[in-house]
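Below is one structure, written out as structure tokens; comments come after it.
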Amino acid sequence: MSEPVLSIRDLHVSFPTATVVQGVSFDVMPGEIVGVVGESGSGKSMTARSVLRLLPKSARLGGSIRFRGQEVLDMSPADIRAMRGALVSMVFQDPMTSFNPVLRIGDQIAEAMTLHGQKDRKTLSDRVASLLASVGIGNPKARARAYPHEFSGGMRQRALTAMAVANGPALLIADEPTTALDVTVQDQILQLMRDLNATSGTAILLITHNIAVVASLCRRLIVMYAGRVVEDGPTDEVLTAPRHPYTWSLLQSVPRLDRATGRLVAIKGQPPDPAEPLAGCKFHPRCPWVEERCTRDEPPLEDGVRCWVRPAL
Amino acid sequence: MTPLVRVTQLTKQFAKTRAVDGVSFDIAPGETLGLVGESGSGKSTLGRAVVGLLPATSGESIVDGQNVGTLRGSARKALWRHAQMVFQDPYSSLNPKMTVRDALAEPLRNFGIARGAEADKLIRETIEACGLPASALPRYPREFSGGQRQRIGIARALIVRPNFIVADEPVSALDVSIQAQIINLLQDLKSEFGLTYLFIAHDLAVIRHVSDRVAVMYRGKLVETAPAATLYATPRHPYTQLLLRSVPVPDPKAEIERRRNVTGAEVTNAEATDNGCPFAARCPMAKFPTCSDKAPELSAKASDHLVACHFA
Amino acid sequence: MKTAATLPTPWFAPAWLVRFLRSPISTVVGSLLVLVVVAGVILAPLITHADPMALSSDTLLEPAWAHPMGTDDLGRDELARVLYGGRASLVIGLFSALLSVILGMTIGMVAGFFGGAIDETLMRITEAFQILPKLLVAVVVVSLIGSGLTNEVLVIGLLSWPATARVIRGRVQVIRHEEFIAAAEMSGASWLRVLVRHVAPNVVSFLLVSASLQVASAIMSESFLSFLGLGDPAHPSWGLLLQQGQLFLSDAWWLTTFPGIALAMTILGLNLLGDGVSGSRIVAGSRR
């Protein structure tokens, strides 16, 4: 068994008013694509950003994040900068704000490479062109001289992905990479990630609210709710035989494209407010299978499920 | 049956672009027409033009026997007594300085529907029908979550007891678990109050779930309309086919099957022109010069299945 | 929206000054200054029994126990004159600011809400007013129509609305496209009701800033007019006191110093207050 690229143990992220990530643990193996699914406030983005230490200053981190065995939480700012982009890179939801609007796309990708050692101009421009070509942008030499506003949303997300993989990172973190895109473009970006993973063996940590996107891309699926991992397992098992009531409800609450759906099973109520402490399982106020114990003690994550009751779903 | 809504050759032009370009459709009483399209397809503009919130450049929209296109001032007001709208953004759609009660009392007062105790009773009934307790009434929008705000927005549209509602992306700003609550609510209200919907969304699965009939929009034009079951089983327009192929499915086996059918590469046809079919530039089935010479009309390929394509 | 803490620091201002101006302390100091001035002016009869208009033979006395701020060339008590003079200054400041804010808000709201030709016309008029040399025009007009409280209020108010109009117009253009305005129209509200009930409450917080700065600027304008001898001699304001005092600059420093301090305190206080309000939650939080 090889060593994991990323190993997160008992991660805590808290702000002065609330704890948003509590006791999150999981590994990402080399070449693996792991999907983290959750709604807003589930702590999925905070978990992803912790890996690159891209959190607001007021955030307090606890636990351990190891990248190739090295503790990220102990790294100096200089080490973090060296790691960002070169070994671990990130793609965000909004490809417009991720680029500087007054610099050419090609120059920005080249700059990402210069920061990590590459200097020769000719090599750089060749490499930029081949990167743009590899993400499916036609006529890459000319397109490299374009400005961000001259690209469509899908092309910007491709270019951003090209920039993210420019230094051949071992891990790519994609935070809602297709949420702002139309479905036809989303499908192309997902295919691009699949190809990247297959050809260069880059491990991918995909953060999304869209279960179908995970089904399309990931072999492993982690479901987060209220700052905790509630279910963790192989994608096809989690989706076809969910074991946590939240995962089950989430799947029932989404209409299906491939068949007619009966009345949707809505999850009643709202997600808990992280600023107000809630005893027991964080899903218990909304759970149809709630028992007395659920309101008192928080269940541990055992065998990939965080639930006392484990109803037959 | 006479349609409740009849839209004929509706066009809305902004500066040089035609956001909506000669769109025609009917909606029968009690029907939900789903309008689906990608960003920039003009579906929101169409929705607003249908109820007269935006004046149309040409063409007409007849709602409940009234021609919206020609309505001005008090006549528009009379139309909105029966045709309402639910908006997309639960944050921007409520006045932050108005309590829920005031927001709901506003239409009652302006339309002269009810006042005093009678108005109060209507307000209570409506907010409760929308799944919020009467204790929500004296509070301000900022005290509510996105899903609860959307319920308030729905109550505001419902309080005049309209027969037609345009729902413009009513769930796209909400979390998945909250989306289901709002979709169920809209469906319950439809049967309880006998509503007719024009339901606008970009999510193809949501559209399939809520619609009796679906209209697909691309670059300001309708390219296909059909009953929901027919459209999803046998899409005829190449654009509809591309859309349906592009959506991943939350079922690993079905997803692998879907991906097998995706051709992958994006088509780019340089021969396409502005005069021709709007989809010609991306269409894998395009034949030139037919597709670049003339824009295809929306015409019946089977009963109740209209497609705008020369070759479908 | 940017919060006060993340605003860039202007290159010319030392960091400590910027920090002070944006801290709640500056708001507190501003409020205190304004409060002291307003209280002094309102409670003038309790503070001194002297009549600001009563002549006496004790001319040009230095500040002493009997006359804490001395007396002027006609033997009038300077403390009483400063306190009562504040009444004229503040009344003119408040009312002309009120006039200009009401004008500016109405014009800004109508221009921003309707857009098109109405907006074009109103904004050209606004610009025309803005490029006028305000004080010069005020001097000319007041010398033509004569001085007096009402005339000064009218002239200053009518000349200083453009800034407010532009701020409000910009804000209304944003609000105009919020969905709740479309919803209000569909609720059957007339355009007037949409403006008054739905647009206005969402711009009022922006007026607070404009208004406090407007008062300060109006007081300054009035002082300037009075200093040039265009004030109302029946209602001596700080500006008029300064004008009369400057004749005795070398003999009686107290005649210019005390009204000057009162004026400076008021202007500084109002400006600190205005800045404080603009950086505070009241305005920042009104977005949603």
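If you're matching them up, the sequences are chains A, B and C in order. Heads up, the first sequence is in the working numbering, so the first residue is 29 and it goes up one at a time. Heads up, the second sequence is in the working numbering, so the first residue is 1460 and it goes up one at a time. Heads up, the third sequence is in the working numbering, so the first residue is 545 and it goes up one at a time. A virtual CB, placed ideally from N, CA and C, is assigned to each residue, including glycine. Only a predicted model underlies this, so the values are computations on that prediction, with no experimental measurement involved.
Asked: Integer Cβ distance of B:I1659 from B:D1627, believed to fall under 8 Å; Found: 5 Å
Asked: Closest Cα partner of A:R284 within the set B:E1716, B:Q1607, B:V1706 and B:R1718; Found: B:V1706
Asked: Neighbouring residues, chain B, relative to C:E723 (Cβ below 8 Å); Found: F1546, Q1547, D1548, S1551 and S1552
Asked: Identity of the residue in A:L160, A:V213 and A:L159 nearest A:G10 by Cα; Found: Since the displayed chain A opens at 29 and closes at 341, residue 10 of chain A lies outside it and no answer follows.
Asked: Reduced DSSP secondary structure (H/G/I, E/B, other) of C:L736; Found: helix
Asked: Burial state of B:G1493, where buried means 16 or more other Cβ atoms lie within 10 Å; Found: buried
Asked: Between the CA atoms of B:R1678 and B:L1657 - distance to the nearest angstrom; Found: 19 Å
Asked: Min CB distance B:Q1543 to chain C below 8 Å; Found: yes
Asked: Under 7 Å by beta carbon: chain C residues contacting B:K1536; Found: G732
Asked: Collapsed DSSP secondary structure at A:V293 in the structure displayed; Found: coil
Asked: Cβ-based contacts, 8 Å cut-off: residues of the segment 1591 to 1605 of chain B near chain A; Found: S1604
Asked: Uninterrupted alpha helix (DSSP H) stretches inside the segment 700 to 774 of chain C (no shorter than 4 residues); Found: 706 to 720, 723 to 730 and 748 to 771
Asked: C:I651 beta carbon less than 8 Å from that of C:A707; Found: no
Asked: Distance between B:P1600 and C:A655 (C-alpha atoms, nearest Å); Found: 28 Å
Asked: Extent of the continuous alpha helix (DSSP H) run through B:K1580; Found: G1575 to A1588
Asked: Cβ-based burial, A:R149 [other Cβ within 10 Å; buried from 16]; Found: exposed
Asked: Backbone CA spacing between B:P1737 and B:S1498 [nearest angstrom]; Found: 15 Å
Asked: Sheet register partners of A:R88 (DSSP bridge); Found: A:S42
Asked: Extent of the continuous alpha helix (DSSP H) to which A:S158 belongs; Found: R149 to S162
Asked: Buried/exposed call for A:K85, threshold 16 Cβ in 10 Å; Found: exposed
Asked: Beta-carbon proximity check, C:M613 vs C:A744, cutoff 8 Å; Found: no
Asked: Within chain B, partners of A:A243 - CB distance below 7 Å; Found: P1707, V1708, P1709, D1710, P1711 and E1714
Asked: Rounded straight-line distance, which links the Cα of A:P270 to that of B:T1585; Found: 37 Å
Asked: Simplified DSSP state of A:E178, which is helix, strand or coil; Found: helix
Asked: Closer than 9 Å at the beta carbon, the chain B residues around A:T268; Found: D1710, P1711 and K1712
Asked: Given 8 Å, three or more beta-carbon pairs between the segment 1590 to 1608 of chain B and the segment 1509 to 1518 of chain B; Found: no
Asked: Neighbourhood of C:L640 by C-beta distance below 6 Å, restricted to the same chain and skipping five residues each side; Found: A small correction: the amino acid at residue 640 of chain C is Ser; Leu does not occupy that position in the sequence shown. If we look at C:S640 and ignore the five residues flanking it on each side, its Cβ neighbours are V697, I700, G701 and A762.
Asked: Cutoff 6 Å; reference C:A594; Cβ partners in own chain excluding five residues on either side; Found: D621 and A624
Asked: CB contact below 8 Å: B:H1764 versus chain A; Found: no
Asked: Chain-order list of residues whose beta-carbon lies under 8 Å from that of A:Q121 (same chain, five-residue window excluded); Found: D203, E204, P205, T207 and A208
Asked: Reduced DSSP category for A:P262 - H, G, I as helix; E, B as strand; rest coil; Found: strand
Asked: Amino acids of chain C, ordered along the chain, whose beta-carbon sits closer than 7 Å to that of B:L1644; Found: Per Cβ cutoff of 7 Å: no residues; B:L1644 is ~18 Å from chain C at best.
Asked: First through last residue of the alpha helix (DSSP H) which encompasses C:M667; Found: G660 to I675
Asked: Test item: CB-CB of C:F750 and C:V626 under 8 Å; Found: no
Asked: Residue closest to A:G164, alpha-carbon to alpha-carbon, out of A:T189, A:L143 and A:H144; Found: A:T189
Asked: Inter-residue CB distance, C:L786 and C:S767 (contact presumed, cutoff 8 Å); Found: 7 Å
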